[in-house]
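Number of protein chains: 2
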Amino acid sequence: MAAAEAERPSVTGRHISRKYDEALEDVRTSVLEMGGVVEEQISRSLAALAAFDSEIGERVVRDDYKINRLEVQIDEECTRIIALRQPAASDLRLVIAIIKTITDLERMGDEAEKIGRTAVRLAGNAPRRMRYAGVRNLGRHVQQMVHQALDAFARLDVEAAVAIAREDKMVDLEYAACMRELVTYMMEDPRRISEVLDMIWCARALERIADHAKNIGEYIVFLVKGKDIRHTSLEHKELQAQSEV
Amino acid sequence: MAAAEAERPSVTGRHISRKYDEALEDVRTSVLEMGGVVEEQISRSLAALAAFDSEIGERVVRDDYKINRLEVQIDEECTRIIALRQPAASDLRLVIAIIKTITDLERMGDEAEKIGRTAVRLAGNAPRRMRYAGVRNLGRHVQQMVHQALDAFARLDVEAAVAIAREDKMVDLEYAACMRELVTYMMEDPRRISEVLDMIWCARALERIADHAKNIGEYIVFLVKGKDIRHTSLEHKELQAQSEV
Numbered sequence: 008m009a010a011a012e013a014e015r016p017s018v019t020g021r022h023i024s025r026k027y028d029e030a031l032e033d034v035r036t037s038v039l040e041m042g043g044v045v046e047e048q049i050s051r052s053l054a055a056l057a058a059f060d061s062e063i064g065e066r067v068v069r070d071d072y073k074i075n076r077l078e079v080q081i082d083e084e085c086t087r088i089i090a091l092r093q094p095a096a097s098d099l100r101l102v103i104a105i106i107k108t109i110t111d112l113e114r115m116g117d118e119a120e121k122i123g124r125t126a127v128r129l130a131g132n133a134p135r136r137m138r139y140a141g142v143r144n145l146g147r148h149v150q151q152m153v154h155q156a157l158d159a160f161a162r163l164d165v166e167a168a169v170a171i172a173r174e175d176k177m178v179d180l181e182y183a184a185c186m187r188e189l190v191t192y193m194m195e196d197p198r199r200i201s202e203v204l205d206m207i208w209c210a211r212a213l214e215r216i217a218d219h220a221k222n223i224g225e226y227i228v229f230l231v232k233g234k235d236i237r238h239t240s241l242e243h244k245e246l247q248a249q250s251e252v
Numbered sequence: 008m009a010a011a012e013a014e015r016p017s018v019t020g021r022h023i024s025r026k027y028d029e030a031l032e033d034v035r036t037s038v039l040e041m042g043g044v045v046e047e048q049i050s051r052s053l054a055a056l057a058a059f060d061s062e063i064g065e066r067v068v069r070d071d072y073k074i075n076r077l078e079v080q081i082d083e084e085c086t087r088i089i090a091l092r093q094p095a096a097s098d099l100r101l102v103i104a105i106i107k108t109i110t111d112l113e114r115m116g117d118e119a120e121k122i123g124r125t126a127v128r129l130a131g132n133a134p135r136r137m138r139y140a141g142v143r144n145l146g147r148h149v150q151q152m153v154h155q156a157l158d159a160f161a162r163l164d165v166e167a168a169v170a171i172a173r174e175d176k177m178v179d180l181e182y183a184a185c186m187r188e189l190v191t192y193m194m195e196d197p198r199r200i201s202e203v204l205d206m207i208w209c210a211r212a213l214e215r216i217a218d219h220a221k222n223i224g225e226y227i228v229f230l231v232k233g234k235d236i237r238h239t240s241l242e243h244k245e246l247q248a249q250s251e252v
C-alpha cells in the first residue's frame with residue numbers, strides 16, 4: 008500500500024475550509040488503514056490454514072475486533088462529515104462509497120476469521136495437507152485481488168477498478184475447479200468428508216472475499232464516474248469506464 | 008406487511024418543507040416494496056427447492072433483476088435527499104440506515120437466486136426429497152425472521168429489532184443441526200455427495216439470509232436510538248434497547 012498511498016490524488020479538490028479537506032483525507036486514510044488490517048488478517052488466516060497452525064488461527068480470530076472497531080469509527084466519521092459539511096456531488100459520492108466500502112471490508116474480515124477458526128479446528132487432525140493445493144492457489148489469487156481493490160481505491164483508478172471485475176470471473180472459474188477437486192476427495196474417502204467439507208468452507212470464504220473486492224471496485228467507478236455499474240455485465244462495465252466523465 | 012405499514016409512525020416528524028417529508032416517506036415506502044419482492048423471491052425459491060421444481064426455480068433466477076433495479080433506484084433517491092436536503096440528526100440516520108438496509112436486502116435476493124438455481128439443477132435428479140426436512144424447517148424459520156426484520160423496519164420498533172438478534176442465534180443452532188444431518192447422508196452414501204452438497208449450499212444460503220435480517224435489525228436500533236450496536240454481544244444489545252433514548 009505504501010507506494011500507492013504516496014501518490015494518491017485528491018478527488019475532492021480544495022475546499023474553502025482546510026478542515027473539511029483534512030476531514031475527507033483523514034477518513035480516506037482510515038479506510039486504507041482498515042484495508043491494511045484486513046489484508047493482514049487474510050494473509051494470516053491463509054498461513055494458518057496452509058500449516059494447520061492453531062496458534063496463528065487463534066490470533067486471526069482474536070484480532071477480528073480491530074476491523075470491527077475501525078468500521079464503527081469510520082462510519083461515525085462519515086456521518087459527522089455529512090452532518091457538519093453537507094457535502095455535494097463528488098464529495099458526497101466519496102462519503103457514500105466509503106460507507107459501502109467499509110461494510111465489504113468488514114465482511115472480508117469475517118471470512119478471514121472463519122478461515123482462522125477452521126485452521127484451529129483442523130490443527131488437531133494433522134490431515135494430509137499436500138492435497139489442498141487448489142485452495143492455496145485460490146487464496147493467493149484472492150489476496151492479490153484484495154490488494155488490487157485497495158490500490159485502486161487509494162489511487163481512485165477506474166481502469167484498475169474495472170479490471171477487478173475481470174479478475175473476479177477468473178477467481179470464480181478457479182473456485183469451481185477447486186470445488187470439483189475437493190468433491191472427488193470426499194468420494195474417494197468418505198471418512199474424510201468432514202475434513203474436506205472444512206476445506207470447502209474455506210474455498211467458499213475465499214470466493215466471497217473476492218466478491219467483496221469486486222464490490223469495492225464498483226464503488227470506485229461510482230465514485231469517480233458518478234455512474235452506478237452494479238448489476239451490469241462486464242462488457243458494459245468496461246465501456247462505462249472508457250467513456251468520458 | 009399491510010398491517011404494519013398502516014400504523015408506521017414518522018421518525019422524522021414534520022419539516023417546514025412538505026416535499027422533504029414526502030421524499031423521506033417515499034424512500035421508506037420503496038424500501039418496504041423492495042422487502043416485499045425479496046420476501047416473495049425467498050418464498051418462491053423455497054417452494055422450488057421443496058418440490059424440485061425447475062420452472063419456479065427459473066422464475067426466481069429471472070426475477071432477481073427486480074431487486075437489483077430497486078436497490079439502484081433507492082440508492083439514487085437517498086443520494087438525492089442528502090444532496091438537496093442536507094438532512095441532520097435522525098433524518099440523516101434514517102437515510103444512512105436505508106443505504107445499508109438495501110445492500111442487505113439485495114444480498115438476500117442473491118441468496119434466494121442461488122437456491123432457485125440449485126432447485127433447477129436438482130430438478131433433473133428427482134432425489135429423495137423426504138430426507139431434507141431439516142433444510143425445509145430452516146427455510147421456514149428464516150422466512151419468519153426476514154418478515155420480522157421488515158416489520159420492525161416498517162414500525163421502527165427497537166424491541167422487535169433486538170428480538171431478531173435473539174432469533175438469529177436460534178437459526179444458527181438449527182443450521183448447525185441441519186449440517187450435521189446432511190453430513191451423515193454423505194457418509195452413508197458417497198454417490199449422493201454432490202446432491203447433498205447442493206442441499207448444504209442451500210442451508211448455507213438460508214443462514215446468510217438470516218444474518219442479513221440481523222444486520223437490518225441492527226440498523227433499526229442505530230436509526231432509532233442513535234447507537235451503533237454492531238459487534239456487541241446479545242446481552243449488551245438488549246440493555247441498549249431498554250435504555251432511555
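Protein chains in written order, with my numbering: chain A, 8 to 252; chain B, 8 to 252.
The C-beta atom is built at its ideal place from N, Cα and C for all residues, glycine as well.
Since the model is a prediction, treat every value here as computed from it, not as a measurement.
Contact set between residue i and chain B, taken where Cβ atoms lie within less than 7 angstroms
i: A/MET194; result: PRO197 and ILE200
i: A/GLN93; result: GLN93
Interface residues of chain B facing residue i [CB-CB closer than 8 angstroms]
i: A/ILE106; result: ILE103, ILE106 and LYS107
i: A/VAL190; result: ILE200, SER201 and LEU204
Residue i, enclosing alpha helix (DSSP H) - first and last residue
i: A/ARG114; result: 96-130
i: B/GLY64; result: 61-92
i: A/ARG51; result: 25-58
i: B/GLY233; result: Careful: B/GLY233 lies outside any alpha helix (DSSP H) and carries neither H nor E.
i: B/ARG147; result: 140-162
i: B/ASP179; result: 165-195
Chain-ordered neighbours of residue i on chain A, where CB pairs are closer than 7 angstroms
i: B/THR125; result: Result: empty, since nearest Cβ-Cβ is about 14 angstroms, beyond 7 angstroms.
8 angstroms contact criterion, which residue i and residue j should meet: CB distance rounded
i: B/VAL102; j: B/ILE89; result: 6 angstroms
i: A/ILE106; j: A/VAL38; result: Rounded, the Cβ-Cβ distance is 10 angstroms, inconsistent with contact.
i: B/GLU195; j: B/ASN132; result: Not quite, the Cβ-Cβ distance comes to about 17 angstroms (not below 8 angstroms), so this is no contact.
i: A/ILE171; j: A/GLN155; result: 6 angstroms
i: A/LEU112; j: A/ILE74; result: 7 angstroms
i: A/MET193; j: B/ILE216; result: About 26 angstroms separates the two Cβ atoms, so there is no contact after all.
i: B/ILE49; j: B/MET115; result: 7 angstroms
Close Cβ partners of residue i (< 6 angstroms) along its chain, the five nearest in sequence each way excluded
i: A/LEU77; result: MET41
i: B/GLY64; result: ALA55, GLY123, ALA126 and VAL127
i: B/ALA168; result: ALA159, GLY224, ILE227 and VAL228
i: B/SER52; result: VAL67, ALA119, ILE122 and GLY123
i: B/ARG92; result: TYR27
i: B/ILE236; result: GLU225, VAL228, LYS244 and GLN247
i: A/ILE207; result: LEU189
i: A/ARG198; result: none
i: B/ASN222; result: ASP111
i: A/LEU157; result: GLY42
Own chain residues within Cβ distance below 8 angstroms of residue i, not counting five before or after
i: B/LEU145; result: VAL178, GLU181, TYR182, CYS185, ALA210, LEU213 and GLU214
i: B/ASP117; result: ASP71
i: A/LYS176; result: LEU241
i: A/ASP218; result: ASP175
Within chain B, the residues that residue i reaches when beta carbons sit closer than 9 angstroms
i: A/THR36; result: Within chain B, no residue comes near A/THR36; the closest Cβ sits about 21 angstroms away, beyond 9 angstroms.
i: A/ASN75; result: ARG237 and HIS238
Contacting residues, own chain, Cβ-Cβ under 7 angstroms from residue i (five flanking each side not counted)
i: B/VAL165; result: ILE227, VAL228, VAL231, LYS232 and ALA248
i: A/GLU12; result: Its pLDDT being 40, under 50, A/GLU12 is placed unreliably by the model, and the measurement read from it follows with that caveat. Closer than 7 angstroms at the Cβ level, and outside the excluded window around A/GLU12, lie LEU39 and ALA161.
i: B/PRO94; result: ILE88 and VAL102
i: B/ALA58; result: none
i: A/VAL142; result: CYS185, MET206, CYS209 and ALA210
i: B/CYS85; result: VAL34, VAL102, ILE105 and ILE106
Chain-ordered neighbours of residue i on chain A, where CB pairs are closer than 9 angstroms
i: B/LEU39; result: Those do not exist, as B/LEU39 stays about 21 angstroms from chain A at its closest Cβ, beyond 9 angstroms.
i: B/LEU99; result: THR86, ILE89 and ALA90
Relative to chain A, which residues along the stretch 79-90 of chain B have a C-beta separation below 9 angstroms, given in chain order?
VAL79, ASP82, GLU83, CYS85, THR86, ILE89 and ALA90
Exercise for review: Name, going along the chain, the residues of the stretch 221-238 of chain A whose beta-carbon falls closer than 8 angstroms to a beta-carbon of chain B.
Suggested key: ASP235, ARG237 and HIS238
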